[in-house]
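No gaps in the numbering here: position 89 of the first sequence is 89 in the numbering used here, and each next residue is one more. Backbone N, C-alpha and C fix where the C-beta goes; we use that ideal spot for every residue, glycine too. Please read all numbers here as calculations on a predicted model, not as lab measurements.
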Amino acid sequence: MPELPEVETYMRALAPQLKDKEIVNAQIFWPRIVAQPDPSLFCDLIRGRRFDSFGRRGKYMLFGLNSGETLIIHLRMTGELRVQPPNVEPDSHTHLLLNLTSGERIHYRDQRKFGRVWLVEDVASVLHKLGPEPLSDDFSVEGLVKALAGRSAPIKALLLDQSIVAGVGNIYADEALFRAGINPRRPSGHLDESALARLYEAVCWVLQMGIDLRGSSLGSGPQNYLPPNGVAGAAQESHQVFRRTGQPCPRCGQPIQRMVIAQRSTHFCAQCQPEG
DNA sequence: ATAAGGCCCTGACCGC
DNA sequence: TGCGGTCAGGGCCTTA
């Protein structure tokens, strides 16, 4: 499941592959994948455009086109983007093809069809609800304190809330809380400033580590993520708690426990992340 | 305003 | 072997 480090890894790989390449046209096989504008207009607008700039905001991929518009892609759970040679045919999970003048084709695949694509003039119209970008100056302890003040929801739930901080998903939320020694169920507003300072550091640290290791490539199954060059990332090997239920905590040896918070599977060490 | 639950999807997995 | 049920989960939507 692509979170910030996986999306960042994608963009770093795609930028040199796609820079200045021209889109001949788009083929949409499952129209609901295009969130905006409507699919026929999407095809009209993207025809003949070149890839100009590349960016990321939270888990959103941003492709700036030479028209001034931006192609925004969110992979959600199972989306994949691949630049393929002409002889690679789309399969039943391919919902969008962008044909390039180079003959290559960008395949958007998505087993669960949760991902979405936008083509907009105003990026903010899609991203306006996002909170601060965690590895930038916009993210700070003070900001975190302010955003969580008076909130009773468990801290795990608010770490997943993209308006609090952008880009953190289930994997890195669990890892950050473990690193900070904070129980995932603690009411957010009850955390004191020193706990939030540790959490701030931990969020930055686990995300940067994830980027440095080129993302987490988890086991088999539909949530498996591979960077666009097909080489697995290595961040999963540095996971301390995520999907390690029953295995010894790397710090104290107690078995890692699992519980559900905000409908999300949550992994933690009861010893190192005490309640209250 | 916040919190909690449902929804979208489909492949994997489980028990019978 | 086949079948039904359950699970996973990001972000948006509805409900309380």
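- The Cβ neighbour count for residue 58, taken over all protein chains shown within 10 Å, is at least 16; the residue is labelled buried.
- Taking a C-beta distance under 8 Å as the contact criterion, residue 168 and residue 4 qualify as a contact pair.
- For residue 74, the secondary structure class from DSSP, reduced to helix, strand or coil, is strand.
- Out of 53, 60, 29, 67, the CA that lies nearest to the CA of residue 47 is found in 67.
- Counting only runs of 3 or more residues that sit fully inside the segment 4-78, the beta strand (DSSP E) segments are 23-28, 34-36, 51-57, 60-65, 70-74, in chain order.
- The shortest CA-to-CA distance from residue 180 to any of 146, 150, 241 is the one to 241.
- Rounded to whole angstroms, the separation of the alpha carbons of residue 124 and residue 138 is 16 Å.
- Distance between residue 209 and residue 178, taken at the CA atoms: about 15 Å.
- Linking residue 150 to residue 144 through their CA atoms gives a straight-line distance of about 12 Å.
- Inter-residue distance for residue 52 and residue 120 is about 15 Å (C-alpha atoms, whole angstroms).
- In the DSSP assignment, residue 99 is bridged to 25, 105.
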